[in-house]
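**Q** Same order as they appear, the protein sequences are chains A and B.
All residue numbers for the first sequence refer to the working numbering, where the first residue is 12 and numbers rise by one.
All residue numbers for the second sequence refer to the working numbering, where the first residue is 12 and numbers rise by one.
Number of protein chains: 2
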Amino acid sequence: MPLQLAKTAAEIRQAVREARARGLTIGFVPTMGGLHEGHLALVRRAKEKGYVVMSIFVNPTQFSPGEDYEKYPRDLERDIALAEREGVDLVFAPDANEMYPPGDSTFVEVTGSLTKGLCAPFRPGHFRGVTTVVAKLFNIVQPDKAYFGEKDFQQLQVIRRMARDLAMPVEIVGVPTVREPDGLAMSSRNAYLSLEEREASRALSQALREAQGLVKKGQTDASAILQVVRDRVSAQPLVRLQYVEVCNPETLEPVSSIEGRAVLAMAAIVGKTRLIDNIMLEAS
Amino acid sequence: MPLQLAKTAAEIRQAVREARARGLTIGFVPTMGGLHEGHLALVRRAKEKGYVVMSIFVNPTQFSPGEDYEKYPRDLERDIALAEREGVDLVFAPDANEMYPPGDSTFVEVTGSLTKGLCAPFRPGHFRGVTTVVAKLFNIVQPDKAYFGEKDFQQLQVIRRMARDLAMPVEIVGVPTVREPDGLAMSSRNAYLSLEEREASRALSQALREAQGLVKKGQTDASAILQVVRDRVSAQPLVRLQYVEVCNPETLEPVSSIEGRAVLAMAAIVGKTRLIDNIMLEAS
């Protein structure tokens, strides 16, 4: 079947109803477009299970004032071609009016530790915008499973929390980060980087990997691990570290020593581009 | 079929899936128990359409500090007997842990004019508690239609807004207020009233009806209408008016003159019991 493109919730509901009537499991991959191998890995996971719906919507409410909403990469034709090649069945590309009708005034918000640290203080309103739009998309698509990249680890945990707390009838599936050959995590925002900045950005994933290696060798002290990351990143004059934290993977609260698993998460500004990355640490 | 009682979301999902597979439309009547004729009118409306699910859950998050959460009428056996007599197919009576699992931290909130005036300032957090629990219940029951009484007019409009904004796949149906023979709007809280207070409470609906009569005769000035209500209610020493407003029925913003339809809404304290009521005004 060729890919079907829909602009309205009504069309999506109709198409999903038909797919479900054919006995198919509905997998959902929400994106903001600017598709890269990370998104395509989500599609491949979803495709194992049945019918795949992808949304392409640059959601205004998850951008903070002064962020890159206006210049965020938008190329629907290219994205659709990539989606079709991977076997996406249905693309939902609504405009902002479809997602935020006149008078819209409802928000879905996860409170507490998950939305307090890491990216939250640097992106006011971001996670509220994410949970609100994802709740809307879930209600429109009504998927059985929804796929999110572990690159946006905090987002993934916030969405898991929302889905569990609100008893949403969907399973949230996290998919490992896809990386460039030199380690840089795939991101639509990598397109903003100049050649020099792109080169310097390798420091992020390298620092994370170095920290992971230390933990494998027995280091469990979070402050020692954070120092290694800071040293590695500060060696790159083009990269300005915004935060780096070692956190409990469930609560995202900072931990001082690693017992079991912990997530090492960071954000950095490279030129004018904000990049994030994370890696799982496991005490041996 | 006899009424089925379920305590868990999983049982509800299973029962609703089976009903839907039999081609039935799913109608949902969320309640806090303490059933009265108002609730039963919701059930009768729902019953016209097919399979009826009723929830009975005294939702802690919609009570403000110092309100009547502890003493709210709870008599599950009586409620189930009444529900069964009206043909309810499935009762969902979860305990608080089922609705608010450990670590629960997600809220659904309608912002703006709908949750600014009328009851909102007197019941901090109330509407956020309502929308959050109703969102959870909708996700568990996944009804085609959900029925709410017009007695709680602000609640009805807030829920309509939430459902529309979040693209929830459910139709919200408002059902006219059911009244005692003397006009008092049915409410679980009427059970708190002493005989004297019960008698005095007639003033609420009488004042609303008097105001409605004035509008029918051509009065369109909101302040004149409000004055009539205040005068009528203040004649009853046992009744203390909390607010009375003439509002646009869609936005719930106060209006100064009545053009088309307006809702006249009030809250009053009778003894220790808080009562609300409203009536639709239509300029002739």
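Glycine included, each C-beta is placed from N, C-alpha and C at the ideal position.
Is any beta-carbon of chain B found at less than 8 Å from that of A:T67?
**A** The sequence shown places Ile at residue 67 of chain A, rather than the Thr named in the question. False, the Cβ-Cβ gap to chain B never drops below 8 Å.
**Q** I'd like the span of the beta strand (DSSP E) that includes A:S66, first residue to last.
**A** Taken as a continuous stretch (DSSP letters only), the beta strand (DSSP E) holding A:S66 covers G61 to I67.
**Q** Take every Cβ of the segment 156-171 of chain A, pair it with every Cβ of the segment 30-46 of chain A, and state whether three or more of those distances are shorter than 8 Å.
**A** These segments touch.
**Q** Leaving out five residues on either side along the sequence, give the residues of the same chain with a beta carbon under 8 Å from the beta carbon of A:L292.
**A** Correct list, in chain order: A222, Q223, V226, I236, V257, I269, R272, A273, V274 and L275.
**Q** Under a CB-based cut-off of 8 Å, is A:P135 close to chain B?
**A** no
**Q** Cβ closer than 7 Å: which chain A residues qualify as neighbours of B:N150?
**A** Simply L177, A178, M179 and P180.
**Q** Against chain A, does B:S116 count as a neighbour if the rule is that its beta carbon must be under 8 Å from one of theirs?
**A** yes
**Q** Could you name the residues that DSSP lists as bridge partners for B:R272?
**A** In DSSP, B:R272 forms a bridge with B:E293.
**Q** Who are the neighbours of B:P112 on chain A, taking C-beta pairs under 8 Å?
**A** R175 and D176
**Q** Since A:V257 is in the alpha helix (DSSP H), which residue starts that stretch and which ends it?
**A** From DSSP, A:V257 is part of no alpha helix (DSSP H) but of the beta strand (DSSP E) over V250 to C258.
**Q** For A:F164, tell me which candidate among A:T188, A:F149, A:V152 and A:L101 has the shortest Cα-Cα distance.
**A** Of the candidates A:T188, A:F149, A:V152 and A:L101, the residue whose Cα lies closest to the Cα of A:F164 is A:T188.
**Q** Mind listing the chain C neighbours of B:Q153? Cutoff is C-beta to C-beta under 7 Å, in chain order.
**A** Any reference to chain C falls outside this structure, whose protein chains are A and B.
**Q** Residues of the segment 240-256 of chain A with a CB closer than 9 Å to any CB of chain B: list them in chain order, please.
**A** Going along the segment 240-256 of chain A in chain order, one finds no residue with a Cβ nearer than 9 Å to chain B.
**Q** Expressed to the nearest angstrom, what Euclidean distance is found between the alpha-carbon atoms of B:K58 and A:Y83?
**A** If I take the Cα positions, the gap works out to 50 Å.
**Q** Is B:L101 helix, strand or coil by DSSP?
**A** strand
**Q** Is the CB-CB distance between A:V152 and A:A94 below 8 Å?
**A** 8 Å or more divides the Cβ of A:V152 from the Cβ of A:A94.
**Q** Would A:A17 and A:F103 be called neighbours here (beta carbons separated by less than 8 Å)?
**A** yes
**Q** Quick check: A:R172 and A:L129, are their CB atoms within less than 8 Å of each other?
**A** Contact annotation: A:R172 and A:L129 have beta-carbon atoms that are not nearer than 8 Å.
**Q** Give the interface partners of A:K18 over in chain B, defined as CB-CB distance under 9 Å, in chain order.
**A** Within chain B, no residue comes near A:K18; the closest Cβ sits about 14 Å away, beyond 9 Å.
**Q** How would you list, in chain order, the residues of chain B whose beta-carbon sits under 7 Å from the beta-carbon of A:G123?
**A** S116
**Q** Would B:R33 pass as an interface residue toward chain A - the criterion being a Cβ-Cβ separation below 8 Å?
**A** no
**Q** When the Cβ atoms of the segment 276-295 of chain A are set against those of the segment 193-212 of chain A, are three or more pairs found closer than 8 Å?
**A** yes
**Q** Pop quiz: A:R7 and A:A214 are said to be a contact at Cβ under 8 Å. What is the actual Cβ separation, rounded to whole angstroms?
**A** The requested residue 7 of chain A does not occur in the structure, where chain A is confined to residues 12 to 295.
**Q** Under the rule that 16 or more other beta-carbon atoms within 10 Å means buried, what is B:D86, buried or exposed?
**A** exposed
**Q** Just the chain A side, please: which residues come within less than 9 Å of B:E78 by C-beta, in chain order?
**A** None at all; the shortest Cβ gap to chain A is about 22 Å.
**Q** In chain order, what residues of the same chain have a beta carbon less than 6 Å from the beta carbon of B:Y331, not counting five sequence neighbours either side?
**A** Here chain B covers residues 12 to 295 and nothing more, so residue 331 of chain B does not appear.
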